[in-house]
Every structure is written in structure tokens, then in C-alpha cells.
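Chemist: Residue numbers for the sequence shown, in the working numbering: 231 to 512. Backbone N, C-alpha and C fix where the C-beta goes; we use that ideal spot for every residue, glycine too. For clarity, every value in this text was computed on a predicted model and none was experimentally measured. Handing you a structure now.
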Amino acid sequence: MALEVFTRLEQVKQMMDVLYSGKMIEFKTSGLRDNVAQLCVLKMKQRVMSDSPAQSSASLLDQNQLLLVANIHVLFNPNRGDVKLGQIRLLLEKAHQLSEIWGKIPVIIGGDLNSMPQSAIYQFLASSELDIRLYDRRKISGQIDCLSANSCVKHQNRNSLSIKQKPASRQCVYRWNDDDLRLATGSAKVTHLQHHLDLCSAYFGIPGSCRTRDDCGEPLATSYHSRFMGTVDYIWHTKELVPVRVLETLPIDALKRTGGLPSKKWGSDHLALVCELAFWDR
231 MALEVFTRLE QVKQMMDVLY SGKMIEFKTS GLRDNVAQLC VLKMKQRVMS
281 DSPAQSSASL LDQNQLLLVA NIHVLFNPNR GDVKLGQIRL LLEKAHQLSE
331 IWGKIPVIIG GDLNSMPQSA IYQFLASSEL DIRLYDRRKI SGQIDCLSAN
381 SCVKHQNRNS LSIKQKPASR QCVYRWNDDD LRLATGSAKV THLQHHLDLC
431 SAYFGIPGSC RTRDDCGEPL ATSYHSRFMG TVDYIWHTKE LVPVRVLETL
481 PIDALKRTGG LPSKKWGSDH LALVCELAFW DR
């Protein structure tokens, strides 16, 4: 796997400095497999007129405005939700620490989370907390072994509103052994996870078409191959930022016509997610 943070050099030279680019999280040092994550800090280097709808037309972006950008490629294995959750937990912890160190700066997190929108992992990101005893370790990412790509999309859309914890009358407490708990939460004594970033999904924040979005606003599909069609990729941001616009993904019928990704036209089995964010002018 490979992770990179690319910038448009001329625009960055004019508008921003890269202040910090040295934080690479190697999850294997925490017993969380060989996946990695990256974090960097950017700073506005001059006062720039904002034309964002989220800000007044006459406002100027603060030249001291900082921004933390992070990305991650989470473990694929559908049965190792403990490892997936542990990787995401560790990234959120590091992102929050860096945000605090640099003055409580806004955060953007993007990547392949190998978790679906109806999953407990999505819920953890969106609500900032999760009682993992309510979930089977093997199903916590929401990934399913589909007999066909089409059934994955139906499963995602049918369950896309079920990101809240189950009603008490339907709760079932699952047993996690100490090793699994240590991987997922960092301690064999912790079963209730919390993180300190108030995150929103960029795509959730911009309404889209039912041809490309599920019932909770996420793309219907960001990945497509012979065994899977669904959403596993996301862009999350803290509430000091506001989404202005996003690049829509392909409609399902158009994806099906490709016969599966990658193809001659599309070089990856994942579709690109793109968003424009503005600093919130409070």
C-alpha cells in the first residue's frame, strides 16, 4: 500500500507553508499490522480574500490560520474489526494531540477506512464514542462477503441509517478477550471508546443525488470489483471547517458498465473523493 499527501505547488507557494510533515504512524509498533497513516500541518502564508459562501465576501483569511491534514489506509481483513478500530483510534488520538499542540487547529482526515457507512466504526467517527461490547468484533467494520457487487450496494443502502447504537431492548453484549480489547481500545479494561475530535463527513454536508448517494448522504460506491461495490472511503473534517462543494462519484449504472475496476479508463478500484472546504468565519 502507499500513502501520499500531494499539493499544487504554485498555489501552496502563494498561499501556504508546510510547517510540519514528519509524523508517520506505523501501526505495527502498536501490534496493529503493517498499515500506516500520515499527518502534516499547513499554514496560511499571506492574507487572502475569501470568495467562499461560508464566509462574507469581504472577509480575509487569517494569515496565521493553521490546518492539520491526515490520511490513512486501514487494514482490509473484514474479520479484524479490532485491528481496524485500533488503527483509527490511534490516528484520532495523534491528530487530536497535534491539533492541541499547534493551538487547537482544524483537522481534515481522509482515506480508505475499509468500513461501510452503516458500521460501528462509522458511528465512532461521527458520534465520538462507541460501546464495543454491543458489536461482534468480526462485524464492526460493516464489511460483508457479498455474493455479488450489487448485493453490497443494496445492503449498504438498506442499512445506511443504522449508525446509531441499538435500542436497549435489542442490545446484545458480546465478549471480547483481553488481546482484542488491547488492540481495539488500547487497554484490556476499556470497552467504551471516545475521541476528542468533533468530526463531520464532507459528503454528508453537501446534498447529492439519489443516483450517487445513500440515505445518510455518503456515496453509494467508492470501490467496485467482482466481489464488492460499496463505500469504504471518506473525508472527515472538524467543525471549524465547512464543506463548500464535493466531486460526485459515478452513478451505480455507470459503474456497472465498466465491468469492474480498475479498467482501461479508471486506473484504480477506488473512485476519487474530492471536496472544497472553507474556514468557518465565526
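Roughly how many angstroms separate the alpha carbons of C402 and S358, rounded to a whole number?
Modeler: In the sequence shown, counting from the first residue as 1, residue 402 sits at position 172. In the sequence shown, counting from the first residue as 1, residue 358 sits at position 128. Cα-Cα distance, rounded: 21 Å.
Chemist: If you run the structure through DSSP and keep just helix, strand and coil, what is F306?
Modeler: On the sequence shown, residue 306 is found 76 positions in, with the first residue counted as 1. DSSP places F306 in coil when its eight states are reduced to three.
Chemist: I believe W406 touches R367 by the beta-carbon criterion, under 8 Å. Please report the beta-carbon distance rounded to the nearest angstrom.
Modeler: Counting from 1 along the sequence shown, the entry for residue 406 is found at position 176. Counting from 1 along the sequence shown, the entry for residue 367 is found at position 137. Yes, W406 and R367 are in contact; Cβ-Cβ is about 6 Å, under 8 Å.
Chemist: Since E448 and P308 should fall inside the 8 Å C-beta cutoff, what is the C-beta to C-beta distance between them, to a whole number of angstroms?
Modeler: As a first step, residue 448 is located in the sequence shown; it is residue number 218 there, counting from the start. As a first step, residue 308 is located in the sequence shown; it is residue number 78 there, counting from the start. No, E448 and P308 are not in contact; Cβ-Cβ is about 19 Å, not under 8 Å.
Chemist: With DSSP run on the structure shown, which of helix, strand or coil describes F434?
Modeler: Residue 434 sits at position 204 when you count from the first residue of the sequence shown. F434 falls in the coil class under three-state DSSP.
Chemist: Applying the 10 Å Cβ sphere with the 16-neighbour rule, what's the burial state of I339?
Modeler: Counting from 1 along the sequence shown, the entry for residue 339 is found at position 109. Result: buried.
Chemist: Would you mind sorting K314 into buried or exposed? The rule is 16 or more other CB atoms within 10 Å of its CB.
Modeler: Here residue 314 refers to the residue found at position 84 of the sequence shown. That one is buried.
Chemist: Give the range of the alpha helix (DSSP H) segment to which D312 is assigned.
Modeler: As a first step, residue 312 is located in the sequence shown; it is residue number 82 there, counting from the start. Here the alpha helix (DSSP H) through D312 covers 311-331.
Chemist: Just mark P397 as buried or exposed, buried being the case when its beta carbon has 16 or more other beta carbons within 10 Å.
Modeler: As a position in the sequence shown, residue 397 is number 167, starting the count at 1. The predicted model places P397 with a pLDDT of 45, which falls under 50 and marks its position as unreliable; any figure quoted below should be read in that light. Exposed, because fewer than 16 other Cβ atoms sit within 10 Å of the Cβ of P397.
Chemist: In its own chain, which residues sit with a C-beta less than 8 Å from the C-beta of Q317, not counting the 5 before and 5 after it?
Modeler: For the purposes of this step, residue 317 is taken as residue 87 along the sequence shown, with counting starting at 1. Closer than 8 Å at the Cβ level, and outside the excluded window around Q317, lie F257, L262, R263, N265, A267, I302, V304, L305.
Chemist: Please classify P492: is it buried, with 16 or more other beta-carbons within 10 angstroms of its beta-carbon, or exposed?
Modeler: Taking the sequence shown and counting its residues from 1, the one referred to as residue 492 is at position 262. By the neighbour-count rule (16 or more Cβ atoms within 10 Å), P492 is not buried but exposed.
Chemist: Express the C-alpha separation of V504 and W332 in angstroms, rounding to a whole number.
Modeler: On the sequence shown, position 102 is the one that residue 332 refers to. On the sequence shown, position 274 is the one that residue 504 refers to. Roughly 26 Å separates the two Cα atoms.
Chemist: Going straight from the alpha carbon of C376 to that of F458, what length do you get?
Modeler: Residue mapping note: residue 376 aligns to position 146 of the sequence shown, counting from 1. Residue mapping note: residue 458 aligns to position 228 of the sequence shown, counting from 1. Confidence is the limiting factor: at C376 the pLDDT is only 49, short of 50, which leaves the residue's position unreliable and the question unanswerable from this model.
Chemist: So, for L423: in the same chain, excluding its five sequence neighbours on each side, which residues have a beta-carbon less than 7 Å away from its beta-carbon?
Modeler: Along the sequence shown, read from residue 1 onward, the residue named residue 423 stands at position 193. Excluding residues within five positions, the ones whose Cβ falls inside 7 Å are R319, F354, E359, L360, I362, T415.
Chemist: Apply the 10 Å Cβ neighbour rule to A502 and answer buried if 16 or more other Cβ atoms are within range, or exposed otherwise.
Modeler: If you number the sequence shown from 1, residue 502 lands on position 272. So A502 counts as exposed.
Chemist: Please work out which residues of its chain come closer than 8 Å, Cβ to Cβ, to R475, disregarding the five sequence neighbours upstream and downstream, and give them in chain order.
Modeler: For the purposes of this step, residue 475 is taken as residue 245 along the sequence shown, with counting starting at 1. These residues qualify, in order along the chain: I436, C505, E506.
Chemist: Nearest by alpha-carbon distance to K273: which of E323, I335, D312 is it?
Modeler: Numbered from its first residue, the sequence shown carries residue 273 at position 43. Comparing Cα-Cα distances from K273 to each of E323, I335, D312, the minimum goes to I335.
Chemist: What are the boundary residues of the beta strand (DSSP E) that I339 is part of?
Modeler: Start at 1 with the first residue of the sequence shown, and residue 339 comes out as number 109. Note, I339: beta strand (DSSP E), 337-342.
Chemist: Is S287 helix, strand or coil when you go by DSSP?
Modeler: Looking up residue 287 in the sequence shown gives position 57. In this predicted model, S287 has a pLDDT of only 40, less than 50, meaning its place in the structure is not dependable; the value taken from the coordinates is given anyway. Here S287 sits in coil by DSSP.
Chemist: Determine the DSSP secondary structure at S453, reduced to helix, strand or coil.
Modeler: As a position in the sequence shown, residue 453 is number 223, starting the count at 1. Reduced to three states, the DSSP call for S453 is strand.
Chemist: Helix, strand or coil: how does DSSP classify A350 here?
Modeler: The count along the sequence shown starts at 1 and reaches residue 350 at position 120. Helix.
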